[in-house]
Ligand SMILES: [Zn+2]
């Protein structure tokens, strides 16, 4: 379907084709962001305030008071160690009531998911990060490869941004 065409009517049978190279790079990029958010929370106690990604490049904003290039390098090292430690990525479906009582999921604002969503899909990167999530991820963190922190910048009070990219997209 050419871009800009109206969508097919509901119920229409369609065949789709996945651009696997693009998809896999996105899966790796997305998984890297999970690891990044897990590490920044684990070691600096800072929550995520925003983020965005494209295949191979991404940014994430944190509730940090300050940020520096050195901090970026430190996080980059920790991130690559964690990725190489090959944490498995588990996908599960958890009853909404159970999800709302899970401290990890509370931290990542599971309560903002519309009430009709039950069960809730949960991504658990063993020992690193756990959140409610509808996205696509690789099976374990080593598949991400190596990540570089390319930029750190302040986007205002308690909103500090890190830009990352896959070394081998
Ligand atoms: Zn995800």
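Numbering (my numbering), first residue to last: 75 to 243. C-beta: ideal position from N, C-alpha, C; glycine also.
1) Just curious, the alpha helix (DSSP H) that residue 178 is in, first and last residue?
2) To which residues does DSSP link residue 221 through a beta bridge?
3) Flag this pair as touching only if the segment 153–171 and the segment 211–221 have three or more C-beta atom pairs under 8 Å; answer yes or no.
4) Leaving out the 5 sequence neighbours to the left and right, which residues in its chain are closer than 6 Å to residue 225 when beta-carbon positions are compared?
5) Go through the residues and name those whose CB comes closer than 6 Å to any heavy atom of ligand 1, in chain order.
6) So the alpha helix (DSSP H) residue 111 belongs to, where does it begin and stop?
7) Restricting to Cα atoms, I'd like to know which of 88, 93, 133, 159 is closest to residue 200.
8) Can you look up residue 259 in the DSSP assignment and give me helix, strand or coil?
9) Which same chain residues end up closer than 8 Å to residue 156 when comparing Cβ atoms and leaving out the 5 residues on each side of it in sequence?
10) Is residue 89 buried or exposed, if buried means 16 or more other CB atoms sit within 10 Å of its CB?
11) Answer with buried or exposed for residue 117, where buried requires no fewer than 16 other C-beta atoms within 10 angstroms of its C-beta.
12) Less than 9 Å separating the beta-carbons of residue 129 and residue 243?
13) Assuming residue 193 and residue 167 make a contact with CB atoms under 8 Å, what is their CB distance in whole Å?
14) Note down, in chain order, each residue of its chain lying with its Cβ closer than 6 Å to the Cβ of residue 232, except the 5 sequence neighbours on either side.
15) For residue 223, which option in 95, 230, 180, 107 has the closest C-alpha, if you only look at C-alpha atoms?
16) Closest to residue 142 by C-alpha separation, out of 84, 241, 227, 240, would be which residue?
By the coordinates alone:
1) 177–181
2) 240
3) yes
4) 237
5) 104, 108, 197, 207, 209, 211
6) 94–118
7) 159
8) Outside the displayed span of the chain (75 to 243) sits residue 259, for which this structure offers no information.
9) 109, 112, 113, 202, 215
10) exposed
11) exposed
12) yes
13) 4 Å
14) 137
15) 107
16) 227
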